[in-house]
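Please read the structure below before turning to the comments.
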Amino acid sequence: GENVEQHPSTLSVQEGDSAVIKCTYSDSASNYFPWYKQELGKRPQLIIDIRSNVGEKKDQRIAVTLNKTAKHFSLHITETQPEDSAVYFCASALSQFYFGTGTSLTVIP
Amino acid sequence: DTGVSQNPRHKITKRGQNVTFRCDPISEHNRLYWYRQTLGQGPEFLTYFQNEAQLEKSRLLSDRFSAERPKGSFSTLEIQRTEQGDSAMYLCASSFGPAGPTAFFGQGTRLTVV
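Chains as they are written, first to last, in the numbering used here: chain W, 109 to 217; chain D, 45 to 158.
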């Protein structure tokens, strides 16, 4: 089955700096790559997604890039704010979703 | 609340007992997924349905686990003869169509086996 690796496992940044989280996947047939944000005790919430026919997608301070050849995709958060602090999960999907192990992001005011 | 709904939110059970969880997906969603999440880990795939058909089940899933979606609407996940290792958050998600359209998660059922 699909194997999704996510790095780093923890990330601390100063408020206003950028944060980058990277994921790799193994199944070249995967065609959809969502990112979820999960705050403590809450459900995962979709923050951005990208399909395999697109290389980059941006939504305000959040962007995702996809390199199909290398089978990796990344989440970029610019101008980070304390409320961005959470655990972020990447996922790859074909018929169902496989998740990475998560990145705990802390934004230091 | 028109999102994915899961009940109960919390369940404490004694080892060896059976438990059943319920998930009500977003009404027009035909796909329903079950995941298990332990502390510090990402959601782990258990099984998914398209309408009432169970299309895939994780090879890691013990025979003690069974899921149903009898009318293609709500789903139940049953764990028989619970073990302490079953303690986790059980998450349900739904989507319209195959993976690609967004999957929305419920708030989960936290199971504690004592």
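Backbone N, C-alpha and C define an ideal beta-carbon position, used for all residues, glycine too.
Could you list which residues in chain W have their beta carbon closer than 9 Å to that of residue i, in chain order?
i                      : result
residue 100 of chain D : 203, 204
residue 111 of chain D : Within chain W, no residue comes near residue 111 of chain D; the closest Cβ sits about 13 Å away, beyond 9 Å.
residue 146 of chain D : 142, 154, 157
Pull up the DSSP beta-bridge partners for residue i, would you.
i                      : result
residue 132 of chain D : D:155
residue 65 of chain D  : D:121
Using a threshold of 8 Å, state whether the C-beta atoms of residue i and residue j are closer than that.
i                      : j                      : result
residue 122 of chain W : residue 194 of chain W : no
residue 110 of chain W : residue 136 of chain W : no
residue 126 of chain W : residue 180 of chain W : no
residue 73 of chain D  : residue 140 of chain D : yes
residue 172 of chain W : residue 160 of chain W : no
residue 85 of chain D  : residue 209 of chain W : yes
residue 138 of chain W : residue 201 of chain W : yes
residue 142 of chain W : residue 57 of chain D  : no
residue 157 of chain D : residue 59 of chain D  : yes
Report the option in the options whose CA atom is closest to the CA atom of residue i.
i                      : options                    : result
residue 169 of chain W : W:192, W:114, W:198        : W:192
residue 176 of chain W : W:113, W:125, W:124, W:140 : W:140
residue 123 of chain D : D:134, D:117, D:115        : D:134
residue 68 of chain D  : D:103, D:125, D:56, D:112  : D:112
residue 77 of chain D  : D:107, D:155, D:54, D:120  : D:120
residue 112 of chain W : W:198, W:211, W:159        : W:198
residue 126 of chain D : D:152, D:139, D:108, D:136 : D:108
residue 105 of chain D : D:98, D:89, D:99, D:97     : D:89
residue 48 of chain D  : D:158, D:150, D:154        : D:150
residue 187 of chain W : W:206, W:202, W:217        : W:217
residue 70 of chain D  : D:137, D:110, D:158        : D:137
residue 100 of chain D : W:115, W:205, W:114        : W:205
residue 152 of chain D : W:117, W:149, W:115        : W:149
residue 174 of chain W : W:207, W:131, W:144        : W:131
residue 189 of chain W : W:115, W:120, W:116        : W:120
residue 79 of chain D  : D:97, D:158, D:157, D:102  : D:102
Kindly list, in the order they appear in chain D, the residues whose Cβ is closer than 7 Å to that of residue i.
i                      : result
residue 209 of chain W : 85, 86
So which residues of chain D does residue i contact, with C-beta pairs closer than 8 Å?
i                      : result
residue 197 of chain W : 86, 87
Give the residues of chain W in contact with residue i, contact being defined as C-beta atoms less than 8 Å apart.
i                     : result
residue 77 of chain D : 204, 205
Give a single yes or no on whether residue i has its beta carbon closer than 7 Å to a heavy atom of the ligand SAM.
i                     : result
residue 54 of chain D : The ligand SAM is not among the ligands present in this structure, which contains no ligands whatsoever.
### Query
Does the pairing of the region 120 to 138 of chain D with the region 60 to 71 of chain D give three or more beta-carbon distances under 8 Å?
yes
### Task
Could you tell me whether the region 82 to 97 of chain D touches the region 111 to 125 of chain D, where touching means 3 or more Cβ pairs closer than 8 Å?
yes
### Query
Can at least three beta-carbon pairs, one atom from the region 208 to 217 of chain W and one from the region 147 to 156 of chain W, be found at a separation below 8 Å?
no
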